[in-house]
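See below for the structure under consideration.
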Amino acid sequence: SQAASSLQQACEPFPYSEDEYAYVDWDNLGFGLMPTDYMYVMKCSENDRYKEGKISRYGNIELSPSAGVLNYGQGLFEGLKAYRKESGGLLLFRPDQNAMRMKFGAERMCMPAPSVDQFIDAVKQITVANKRWVPPPGKGSLYIRPLLMGSGPILGLAPAPEYMFLIYASPVRNYFKEGSAPLNLYVDDEYDRASRGGAGGVKTITNYAPVLKAIMSAKGRGFSDVLYLDSMNKKYLEEVSSCNIFLVKDKVISTPATNGTILSGVTRKSIIEIARDLGYQVEERAIPVEELMYADEVFCTGTAVVVAPVGSITYKDKKVEFRTDAEALSRKLYNTLVGIQMGVIEDKFGWTVEI
Ligand code: COI
-19 SQAASSLQQA CEPFPYSEDE YAYVDWDNLG FGLMPTDYMY VMKCSENDRY KEGKISRYGN
41 IELSPSAGVL NYGQGLFEGL KAYRKESGGL LLFRPDQNAM RMKFGAERMC MPAPSVDQFI
101 DAVKQITVAN KRWVPPPGKG SLYIRPLLMG SGPILGLAPA PEYMFLIYAS PVRNYFKEGS
161 APLNLYVDDE YDRASRGGAG GVKTITNYAP VLKAIMSAKG RGFSDVLYLD SMNKKYLEEV
221 SSCNIFLVKD KVISTPATNG TILSGVTRKS IIEIARDLGY QVEERAIPVE ELMYADEVFC
281 TGTAVVVAPV GSITYKDKKV EFRTDAEALS RKLYNTLVGI QMGVIEDKFG WTVEI
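Quick note, the sequence shown lines up with residues -19 to 335 if you use our numbering.
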């Protein structure tokens, strides 16, 4: 077909494998990096537009030691997934949302961003080029990781003179080692994830390394991850290191309102819409940490995490437990979301993009 031959051309001089599947133990995927065949790179100089994106063999990239991203953290990332349908087609989930979030974040970080069309086109190309790494139906998904970075050299603190948009991908399944078992979270009121006026609301790389210390400390004590409180009052729930958080009380669902310090998750947004569509009341508001005491159910959402039930949360040496049985609401929301993402439940929202 024309698509196959243009892909073959784009992948020159590295032949595109026609194999249906890569040689992978599909039953034992976690969230570890598994390098795939190709990556996508597109560059842009300051005050210009991105052009001539190319697929190349996956591998190391060359950067100046004084690249803006290495010295001052001028970088953003995104995450989205491709699922393989029983019929063989590939489904992307709301790639336009990631494209728009990257544009919004790029504005905050003084970087030029690819257009929504360029972003979606690049995601499609890299997904098709790495098709043999998309797990069989029911065994996971291909996690697609777009990066935007200040790649040009800069010594004084200023926007870099050149930018690189890069996408790589890796097959994945469960994010947490717990698999699909309930998570045990720790509320850390020592470390903050983001503060007012900062960049917590965009997916900058600088939001992630600073929480490693809190994560490592919590993991060392047997917890799955950390739940952060707002930095001003240490009173309201914000988010977990790698995902957003939801509470359920008497069938009313609540999640912290995005106010500039919380990431506007694509899964968060989708779960709010699915829950409302199923007839539930969903509130986006400030949630005092004390409300955890009375919650029936708590769950996390994220592209990597999907919808993960929370079995317990520990705050100031007090452990509160939540329902996680088969009738839990998070289970129903998970099934609906993943059903749409995998193409087994009708996508009446028009969220999936088949390639
Ligand atoms: C995602 O869920 O896609 C993320 O970017 C979170 C990351 C920590 C894996």
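A virtual CB, placed ideally from N, CA and C, is assigned to each residue, including glycine.
Remember, predicted model here, so these are calculated numbers, not experimental data.
Can you name the start and end residues of the beta strand (DSSP E) that Leu71 belongs to?
Counting along the chain, the beta strand (DSSP E) containing Leu71 begins and ends at Leu70 to Phe73.
Practice prompt. Keeping to the same chain, check which residues put their C-beta closer than 8 Å to that of Arg303; ignore five residues upstream and five downstream.
Written response: Same-chain partners within the cutoff: Asp276 and Glu277.
Sequence-distant residues of its chain with Cβ nearer than 8 Å to Leu137 (five each side left out): So the list reads Tyr52, once near-sequence residues are dropped.
message = Quick check: is any heavy atom of the ligand COI less than 6 Å from the C-beta of Gly59?
response = At least one heavy atom of the ligand COI lies closer than 6 Å to the C-beta of Gly59.
So if DSSP puts Glu150 in a beta bridge, which residue, or which two residues, is it bridged to? Rather than Glu, the amino acid found at residue 150 in this sequence is Ser. Tyr123, per the DSSP bridge assignment.
Would you list the one or two residues that DSSP bridges to Gly225? At residue 225 the sequence reads Ile, which differs from the Gly that was named. Here Ile225 is bridged, per DSSP, to Cys280.
> For the alpha helix (DSSP H) that Thr107 lies in, which residues bound it at each end?
Replying inline: Element bounds for Thr107: Val96 to Ala109.
Using DSSP bridges, identify the partner residues of Met14. The partner list for Met14 (beta bridge, DSSP) is empty, contrary to what the question assumes.
*Could you pull out every residue in the same chain whose Cβ sits closer than 8 Å to the Cβ of Glu264, ignoring the five residues on either side in sequence?*
Ser234, Thr235, Pro236, Ala237, Thr238 and Ile252.
Ser221 burial status per 10 Å Cβ neighbour count (16 or more: buried):
Result: buried.
Is DSSP giving Leu9 helix, strand or coil here?
-> Looking at Leu9 - three-state DSSP - the assignment turns out to be coil, as it is neither helix nor strand.
Problem - Close-in-space but distant-in-sequence residues of the same chain around Glu0 (CB under 8 Å, 5 per side omitted) - result: Around Glu0: Arg112.
Measure the alpha-carbon distance for Asp297 versus Cys280 and round it to whole angstroms. Near 21 Å, if we compare the C-alpha coordinates of Cys280 and Asp297.
Every unbroken alpha helix (DSSP H) within the segment 202 to 268, with a cutoff of 4 residues, ordered by chain: Look at the segment 202 to 268 and you find these whole runs of alpha helix (DSSP H), each 4 residues long or longer: 246 to 257.
Roughly how many angstroms lie between the CA atoms of Phe346 and Pro94, to the nearest whole one?
Absent from the structure is residue 346, since the part of the chain shown begins at -19 and ends at 335.
Note to self: Under 6 Å: does the beta carbon of Ala194 sit that close to some heavy atom of the ligand COI?
What the structure shows: For Ala194, the shortest separation between its Cβ and any heavy atom of the ligand COI does not lie below 6 Å.
| query | Which term fits Ala140, buried or exposed, when burial requires 16 or more other beta carbons within 10 angstroms of its beta carbon? | reply | Result: buried.
- Message: Let's test the definition: count the other Cβ atoms within 10 Å of the Cβ of Gly181 and tell me whether it reaches 16, buried, or not, exposed.
- Response: Its Cβ being crowded by 16 or more others within 10 Å, Gly181 is buried.
Original post:
Who pairs with Asp338 in a beta bridge, going by DSSP?
Top reply: With the chain running from -19 to 335 in the structure shown, residue 338 is simply not present.
query: Roughly how many angstroms separate the alpha carbons of Val287 and Phe73, rounded to a whole number?
result: In this structure, the alpha-carbon of Val287 lies about 15 Å from that of Phe73.
Please tell me whether, using a cut-off of 6 Å, the distance from the CB of Ser204 to the nearest non-hydrogen atom of the ligand COI is below it. In terms of side-chain proximity, the C-beta atom of Ser204 is found no nearer than 6 Å to any non-hydrogen atom of the ligand COI.
Does the segment 117 to 136 come into contact with the segment 43 to 50, if we say contact requires no fewer than three beta-carbon pairs (one atom in each stretch) closer than 8 Å?
The segment 117 to 136 vs the segment 43 to 50: in contact.
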